[in-house]
Ligand SMILES: *[C@@H]1O[C@H](CO)[C@@H](O)[C@H](O)[C@H]1NC(C)=O
Ligand SMILES: *[C@@H]1O[C@H](CO)[C@@H](O)[C@H](O)[C@H]1NC(C)=O
Ligand SMILES: *[C@@H]1O[C@H](CO)[C@@H](O)[C@H](O)[C@H]1NC(C)=O
C-alpha cells in the first residue's frame with residue numbers, strides 16, 4: 001500500500017514536471033533552464049534532453065548503471081553534477097571530458113569499483129569530488145590524474161586497502177581528504193607527499209596498526225588528523241614529531257592501546273610539544289596488558305614506568321656496589337703488594353749492610 005502511494009506520488013510529481021521539447025520527461029527544468037532536476041524518476045540511463053545552458057543537473061536517486069564516454073558534450077556549462085544514489089558501476093574513459101566548468105561532482109552511493117585512467121579527464125577545474133560509499137579497493141597514480149584544482153575529496157565508506165605512492169600527486173591544493181571507514185592497515189611513506197595544502201585528514205575507522213615515521217611530514221598545513229577507531233597499539237614519537245605545522249589537533253581514541261612504559265613515555269613527550277593537541281587523550285583506553293584492560297591511560301600512566309624504574313634502580317645500585325667493592329678490593333691488594341715490596345726492599349737493604 002505504502003509503495004503504491006509512493007508510486008502514485010512519484011508519477012504525479014513526474015507528470016507535473018515540464019514537458020517541453022528541451023527537457024526530458026521526468027525532469028524539471030527551471031530558473032531560465034539553468035537547473036535541471038531529474039532525481040527519483042526511475043531513469044536507468046542518463047536523460048538525453050537537458051537544456052544546453054543547464055548549470056546544475058541533479059540525476060540523483062535513479063537506477064543509472066553506466067556513464068558512457070562524453071555523456072555531457074551538450075551540457076558544457078555544467079557547474080554541479082549530482083549522480084549520487086544510482087547503480088553506477090561503469091564510468092567510461094572521458095565520461096566527463098567536456099566539463100571544463102564543473103566544480104562539484106557527486107558520485108557517492110554507487111557501485112564504482114575501479115577508476116579508469118581517463119576518469120578524471122577534462123576535470124581540471126573540479127573543486128569537490130564525492131565518491132563515498134562505492135566499492136573502491138585501491139588507488140593508484142592514474143586514479144585522479146587531472147584533478148589539479150580539487151579542494152575536497154570524499155572517499156569514505158569504500159573498501160580501500162592500498163594507496164599507491166603517487167595517487168594524490170596532482171592535488172597540491174587539496175584541503176580536505178576523507179578516507180574514513182575504509183580498510184587501510186598501514187600507511188606508507190610518500191602517499192601524502194604532494195598534499196602540502198591539506199588541512200583535514202580523516203583516517204578514522206580503518207584497520208591501521210602501523211604508520212611509517214615520515215608519513216605526515218609533508219602535510220605542513222594540517223590542522224586536524226583523525227586516527228580514531230583504528231588498530232593502533234603503540235605509536236612512534238618520531239611519526240608525530242615530524243609534523244611541522246603551526247598547530248594540529250590529533251584524535252587517537254578507540255584504538256587498542258598496549259599500555260606499557262614505552263607508550264607512557266611517548267605520550268608524555270607528545271604532550272609536551274606545544275603545536276600538537278591530543279584532543280581525546282583523556283579518553284584513551286588500554287586493551288593490553290590484560291590487567292589494565294578498559295582502564296583509561298590517564299588513570300594508570302603515572303604507574304606504568306614504576307616497575308621499570310624500580311628495576312633500573314636495583315640494577316644501578318647493584319652495579320655501584322659491585323664497582324665499589326671491586327675498587328676497594330683493588331685498593332687493598334695494591335696496598336698489600338706495596339707493603340710486601342717495602343719489606344723485601346728493607347730485607348735487601350739489611351742484607352747489603354751485612355757486607
Ligand atoms: C544494479 O545493476 C546491476 C547490474 O550491474 C543489476 O543486477 C541490479 O539489479 C541493479 N540494481 C538496481 C536496484 O537497479
Ligand atoms: C562524505 O560522504 C558521506 C556519504 O555521502 C557523507 O555522509 C559525508 O557527510 C561526506 N563528508 C563530507 C565532509 O563531505
Ligand atoms: C570517548 O571514547 C568513546 C569510546 O571510544 C567514544 O564513544 C566517545 O565518543 C569518546 N569521547 C570523546 C570526548 O572523544
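Residue numbers (full-length UniProt numbering): 1 to 355. A virtual CB, placed ideally from N, CA and C, is assigned to each residue, including glycine.
Let's see if you can read the secondary structure: which residues bound the beta strand (DSSP E) around residue 248?
248–251
Which of helix, strand or coil does DSSP assign to residue 36?
strand
Backbone CA spacing between residue 142 and residue 182 [nearest angstrom]:
20 Å
If we require 4 or more residues per run, which alpha helix (DSSP H) segments fall completely within the region 150–238?
none
Environment of residue 55 [buried if 16+ CB atoms lie within 10 Å]:
buried
Considering only C-alpha positions, which residue in the set 314, 177, 98 is nearest to residue 77?
98
Tell me, to the nearest whole angstrom, how far the beta carbon of residue 358 is from that of residue 209; I am working on the premise that it is less than 8 Å.
Since the first residue of the chain shown is 1 and the last is 355, residue 358 is not available in this structure.
Name the two residues that bound the continuous beta strand (DSSP E) containing residue 277.
276–278
Look at residue 227 and residue 204 and say whether their C-beta atoms are less than 8 Å apart.
yes
Rounded straight-line distance, which links the Cα of residue 63 to that of residue 86:
5 Å
Using alpha carbons as the reference points, say which of 184, 191, 71 lies closest to residue 170.
191
N- and C-terminal bounds of the beta strand (DSSP E) containing residue 30
28–30
Distance, residue 168 Cα to residue 194 Cα:
7 Å
Does the Cβ-Cβ distance between residue 140 and residue 116 come in under 8 Å?
no
Give, in chain order, every unbroken run of the beta strand (DSSP E) that is at least 3 residues long and sits entirely within the region 71–153.
80–82, 104–106, 128–130
Looking only at DSSP bridge pairs, what is residue 66 linked to?
90
Using 10 angstroms around the beta-carbon of residue 24, count the other beta-carbons present and answer buried if the total reaches 16, otherwise exposed.
buried
Would the beta-carbon of residue 129 fall within 8 Å of that of residue 105?
yes
I'd like to know whether the C-beta atoms of residue 65 and residue 88 end up nearer to each other than 8 Å.
yes
Strictly by DSSP, which residues pair up with residue 305?
For residue 305, which the question treats as bridged, DSSP gives no partner whatsoever.
Closer than 6 Å from C-beta to any heavy atom of ligand 2: which residues, in chain order?
108, 130, 132, 133, 154, 156, 178
Run through the DSSP bridge pairs and tell me what residue 262 is partnered with.
In the DSSP output, where bridge partners are listed per residue, residue 262 has none listed.
Check for me: the alpha helix (DSSP H) holding residue 50 runs from which residue to which?
From DSSP, residue 50 is part of no alpha helix (DSSP H); its letter is neither H nor E.
Have a look at the DSSP bridge pairing and note the partners of residue 296.
285
Helix, strand or coil for residue 25? Go by DSSP, reduced to three states.
coil
Residue 27 and residue 47 closer than 8 Å at C-beta
yes
Residues in its own chain within less than 8 Å of residue 388 by CB, not counting five upstream and five downstream?
The structure shown does not extend to residue 388, since the chain spans only 1 to 355, so no value can be given for it.
Buried or exposed by the 16-neighbour rule on C-beta atoms within 10 Å, applied to residue 322
exposed
Whose C-beta lies closer than 6 Å to the C-beta of residue 133 among residues of the same chain, with five residues either side of it excluded?
108, 109, 157
For the putative contact between residue 239 and residue 267, defined by C-beta atoms under 8 Å, what is the C-beta separation to the nearest angstrom?
Going by Cβ atoms, the distance from residue 239 to residue 267 rounds to 13 Å, so no, they are not a contact pair.
Which residues in the same chain as residue 262 place their Cβ atom closer than 7 Å to its Cβ, once the five residues preceding and following it in sequence are excluded?
234
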